[in-house]
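Below is one structure; the comments refer to it alone.
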Amino acid sequence: MPPTRPRVLFVTDLAYEARGRRYCDEDIALSSHLREDFDIALCHPLDAQSLMDAYDAVLIRNSGPVLSYRSAFDAFRAQALESGTRVYNQLTGRADMTGKQYLLDLTAAGLPVIPTVDSAKDLDALPRTDTYVTKPKLGADSIGLEFLTREELPSRTDTEGTALIQPRIDFTYEVSFYFIDDTFQYALYAPHPDRRWVLEPYSPTPADLSFAQRFIYWNTIDHGIQRVDACRTPEGTLLLVELEDLNPYLSLDLVPQEHRDAFITNLKASLRGLLAG
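Position one of the sequence shown corresponds to residue 670 (the working numbering), numbered consecutively onward.
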């Protein structure tokens, strides 16, 4: 008999509609490539907890904002950690996987991140600006994002610290760096600030990669895909916007074919590394 191939539960929400992106197309294509090396079954995130015990690993891909199924995800996470289920990305991440508290922590640590507080009482710790951005700590995909004046903030934000407050940053473009484990794969950028998901290939400088790698090393994921999103200020510096370490959209259709092939090869190797651990 031929050797048994590893069974991977591929978690995706094929019906989720994201602005400017086609989650379903990416996951259909990616799962077809993974099927060359693994036995793959696709499931909705609400079904992951009940199905995961039948598989060797669970791969979380474009499963949509956790905010829409928070209790189900928390139950899945708790069961996976208790049973030792191999989950990809590994559930040890400290960034978007657990909410956006990390932006406060990175601000306090003095790392190059958009300055962030969670109370209007702390506005003096931020650069003064005409407009501020607020978003839920447990939000994603711009859900709940608002632009407010300094005068509006006290009445429009709660006192429990459930929302982040940041100065609205002028930037020349946004850029994303994609990693498998701790190895850089490719970068894409949005040259037009008003069109976030109109992306083009980007050739990072050594300084750019050093910036992105710093956050990858800060996080605690040995096996997984991570996306470092940053903005370039008019002064030329990069500031972290977010570190997506649960289910980052990959924009693989915009990546040159040779980089896409290399990414898929490296993803397969990373999954095998997780399964061997």
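Glycine residues also receive a C-beta, built at the ideal position from the N, C-alpha and C atoms.
Exposed unless 16 or more other CB atoms sit within 10 angstroms - verdict on residue i
i    : result
L750 : exposed
G946 : exposed
Y858 : buried
H892 : buried
E911 : buried
T934 : exposed
F884 : buried
M670 : Its pLDDT being 41, under 50, M670 is placed unreliably by the model, and the measurement read from it follows with that caveat. Exposed: under 16 other Cβ atoms inside 10 Å.
P862 : exposed
K790 : exposed
P860 : exposed
R929 : buried
S920 : buried
T754 : buried
S714 : As written in the sequence, residue 714 is Pro, which differs from the Ser given in the question. Buried is the call here.
Proximity to residue i [Cα-Cα], best of the options
i    : options                   : result
G733 : A726, D696 and A747       : D696
R864 : F840, F848, T874 and R825 : F840
D851 : S939, D930, A899 and A747 : S939
S700 : A899, L683 and D716       : L683
T761 : R674, D914, F932 and D930 : D914
Y918 : R883, R941, S845 and A881 : S845
Q748 : D922, T831, I783 and S719 : S719
R730 : M766, S752, A744 and G753 : M766
L923 : L909, P870 and R941       : P870
Q854 : L909, P796, A899 and E927 : E927
E843 : G830, I849, A881 and N888 : A881
Between the CA atoms of residue j and residue i - distance to the nearest angstrom
i    : j    : result
S872 : R691 : 24 angstroms
S788 : A764 : 20 angstroms
T800 : G905 : 21 angstroms
R676 : D708 : 5 angstroms
D706 : Y886 : 29 angstroms
R746 : T874 : 37 angstroms
L728 : N758 : 7 angstroms
L907 : R901 : 5 angstroms
S740 : L772 : 23 angstroms
L868 : L780 : 26 angstroms
S879 : Y847 : 13 angstroms
V756 : K937 : 14 angstroms
A931 : D898 : 21 angstroms
N916 : L822 : 31 angstroms
A832 : R819 : 15 angstroms
I894 : L736 : 20 angstroms
G711 : V680 : One point to set straight first is that residue 711 is Leu, not Gly, in the sequence displayed. Near 6 angstroms, if we compare the C-alpha coordinates of V680 and L711.
R704 : R674 : 10 angstroms
L678 : Q770 : 29 angstroms
Supposed contact pair residue j and residue i - C-beta distance, whole angstroms, cut 8 angstroms
i    : j    : result
K806 : L814 : With a Cβ gap of about 12 angstroms, K806 and L814 do not count as contacting.
A726 : L943 : 6 angstroms
P836 : T776 : Incorrect: roughly 11 angstroms between the Cβ atoms, too far for contact.
I838 : T826 : With a Cβ gap of about 19 angstroms, I838 and T826 do not count as contacting.
is_contact[residue i, chain B] using C-beta, thresh 9 angstroms
i    : result
K804 : Judged by its chain identifiers, the structure shown contains no chain B, having just a single protein chain.
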